[in-house]
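Sequence positions in the sequence shown follow the working numbering and run 48 to 454.
Every residue, glycine too, gets a C-beta built ideally from N, C-alpha and C.
All values derive from a computational prediction rather than experimental measurement.
Step one of this worksheet: look at the structure below.
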Amino acid sequence: MRPIDLVLVFLAFYPVVTGAAWMVGGVMFRLLEERHRVTPPAGGWPGVTVLVPAYNEAAVIARCVGALRQVDYPALEILVLNDGSEDATVAVARSAAAGDARITVLDDGVNLGKADRLNDGMRRARHDLVLVTDADTHLHPDAVTHLVARMLRSPRYAAIAGCPRVTNRRGVIPTMQMLETASLIGLMRRTHALAGRVGTVAGVLGLFRRDAVLAVGGYDPKMATEDIELTWRLLEAGHLTGFAPHALVGMEVPETIRGIWAQRTRWARGQGEVLRTHGRTVARARHAAMWPIAVEALLSYVWVLSMLIATVYAFVRWVVAPEDARFGAMLAWGVGIAVIAMLQIVVAVLVDLRLDPKLPYACLLLPLYPLAYWTINALAALVAQTPGLLRGPREKRVVWDLPRSEA
Numbered sequence: 048m049r050p051i052d053l054v055l056v057f058l059a060f061y062p063v064v065t066g067a068a069w070m071v072g073g074v075m076f077r078l079l080e081e082r083h084r085v086t087p088p089a090g091g092w093p094g095v096t097v098l099v100p101a102y103n104e105a106a107v108i109a110r111c112v113g114a115l116r117q118v119d120y121p122a123l124e125i126l127v128l129n130d131g132s133e134d135a136t137v138a139v140a141r142s143a144a145a146g147d148a149r150i151t152v153l154d155d156g157v158n159l160g161k162a163d164r165l166n167d168g169m170r171r172a173r174h175d176l177v178l179v180t181d182a183d184t185h186l187h188p189d190a191v192t193h194l195v196a197r198m199l200r201s202p203r204y205a206a207i208a209g210c211p212r213v214t215n216r217r218g219v220i221p222t223m224q225m226l227e228t229a230s231l232i233g234l235m236r237r238t239h240a241l242a243g244r245v246g247t248v249a250g251v252l253g254l255f256r257r258d259a260v261l262a263v264g265g266y267d268p269k270m271a272t273e274d275i276e277l278t279w280r281l282l283e284a285g286h287l288t289g290f291a292p293h294a295l296v297g298m299e300v301p302e303t304i305r306g307i308w309a310q311r312t313r314w315a316r317g318q319g320e321v322l323r324t325h326g327r328t329v330a331r332a333r334h335a336a337m338w339p340i341a342v343e344a345l346l347s348y349v350w351v352l353s354m355l356i357a358t359v360y361a362f363v364r365w366v367v368a369p370e371d372a373r374f375g376a377m378l379a380w381g382v383g384i385a386v387i388a389m390l391q392i393v394v395a396v397l398v399d400l401r402l403d404p405k406l407p408y409a410c411l412l413l414p415l416y417p418l419a420y421w422t423i424n425a426l427a428a429l430v431a432q433t434p435g436l437l438r439g440p441r442e443k444r445v446v447w448d449l450p451r452s453e454a
């Protein structure tokens, strides 16, 4: 078998195998883990500190703070961490707090960057359980309860990921991200949670044990995706990470090509940096439990390269030998992969339907989703993940540089 044939085989089978694994894992988690009723612990609910890092968030911070005031949890401390904003973020946040004694808006006028600002918040927190969320989100009133209930299942849990839901749903780009959130993120986290190895406890909503975070050094300000990197360090330290699908958080997503490109290149760059930084450590036998998420992250990048090689090869062969029978086979596999991708979305929608009844409407974009999703993410991986893999994190800290949708 020639090298190009190996590339074509990998290109064809990788999305089929991973898609099948995520569908099976997602359904298993739904049947085995999501039927437990939330009951108050014997000693009462432990205190939780909420950290909201904010930089130039005047347009969205009021909605976030308003939602936090509606959270149904008995012992809550809320710290809005202003990171040297140049707009009215502080004034808007304090106005939205409306004298709520649980909310403190901290403003030292210094721009530290998100990672260092969160590390400062971790040290200031009064409670051992610390919830991190973004300033453009709004928590469901029961979200904290579901996160804490999942955390208390085992002292080995160091972090629990919440379940994001797209709120700005007008337009093709946000609707595509609704499908991605359910079909990719939702099923992947459910599958990884079966083993207690969720690879990303994202900054949009995550609950952490403060002592565990501080013991591994907190967030790294040089990483493009500080949340992924922290999650991997927690796993390397022997902790478990989980997923609470009923811990819902509304989030705004990019609505323009420019916005989603900035988001995807940052994610891709961060994934490359994490693989570069932690690859050798994770490869050791004692971290074998992390191999599935590490191999999955690496192979997803290899698949992108394979797709590029196959595209160039197909074009050249089409010019040189248009009668080549392999074109028909490649086309058939392409159709098969698209069918698997759409089946994955259908399964994800069925699993998540009770949490988001409007998901079926997004399925109207099913014919467009696989092509658009793979194209954007493939290009982002090539442009941004490659330098992350080759060079690792930058020497300077990461700044707040993503476009923000207006509220």
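Spatial distance of residue i from residue j (CA atoms)
i	j	result
G317	D163	17 Å
A427	L397	29 Å
G111	D154	Note on residue identity: the sequence assigns Cys, not Gly, to residue 111. Taking the straight line from one Cα to the other gives about 17 Å.
N129	V329	35 Å
F60	R333	29 Å
F481	W350	Because the chain spans 48 through 454 in this model, residue 481 falls outside it and cannot be assessed.
L287	A262	15 Å
E30	Y102	Summary: the structure shown does not reach residue 30, with the chain confined to residues 48 through 454, and so no result is reported for it.
A138	L159	20 Å
G146	G246	38 Å
G156	G131	5 Å
G113	A144	7 Å
R438	V118	43 Å
K443	R313	15 Å
V107	A135	11 Å
L226	R327	34 Å
A425	P93	43 Å
Sub-7 Å separation of residue i and residue j beta-carbons
i	j	result
M337	W69	no
A208	G253	yes
Q432	A242	no
G66	Q391	yes
E299	D183	yes
T151	L126	yes
L411	M389	no
T180	V95	no
A395	G233	yes
V248	M169	no
Counterpart residues of residue i in DSSP-defined beta bridges
i	result
M456	Nothing can be reported for residue 456: it is not among the residues displayed for the chain, which extend from 48 to 454.
G289	I207
As assigned by DSSP and simplified to three states, the class of residue i
i	result
H83	coil
H174	coil
E124	strand
G66	helix
L153	strand
T247	coil
Y102	coil
Y204	strand
L415	coil
G253	strand
T272	coil
V118	coil
T303	coil
N129	strand
V191	helix
S452	A caution first: S452 carries a pLDDT of 48, below 50, which makes its placement in the model too unreliable to give a value.
V97	strand
V445	coil
V179	strand
L390	helix
P434	helix
W279	helix
Proximity test, residue i beta-carbon vs the ligand PLP heavy atom, cut-off 6 Å
i	result
Y408	Ligands are entirely absent from the displayed structure, and the ligand PLP is therefore not among its contents.
Residue i versus the options, residue with shortest Cα-Cα distance
i	options	result
H239	V74, I304, W92	V74
L165	T422, E273, D403	E273
D189	F60, I384, A144, P121	P121
R210	V107, K269, G250	Note that residue 210 is Cys in the sequence shown, not Arg. Comparing Cα positions, the closest option is G250.
L406	T222, V245, I150	T222
G306	A206, N158, I423, L295	I423
R244	G156, R217, A205, P87	A205
V97	A140, R173, V107	R173
L281	F290, E302, R256, A291	R256
L295	G168, D399, R212	R212
I275	R323, H193, E302	R323
G348	Y360, R331, G319	Residue 348 is actually Tyr in this sequence, not Gly. If we check each option's Cα against that of Y348, G319 comes out closest.
A148	R170, L123, D167	L123
H193	M169, V260, I108, V85	V85
R49	A419, V393, E104, Y360	Y360
G91	V195, V321, E80, A109	V195
L186	G297, G218, R171	G297
I384	V63, E80, R200, P404	V63
L53	P434, S353, T358, L400	S353
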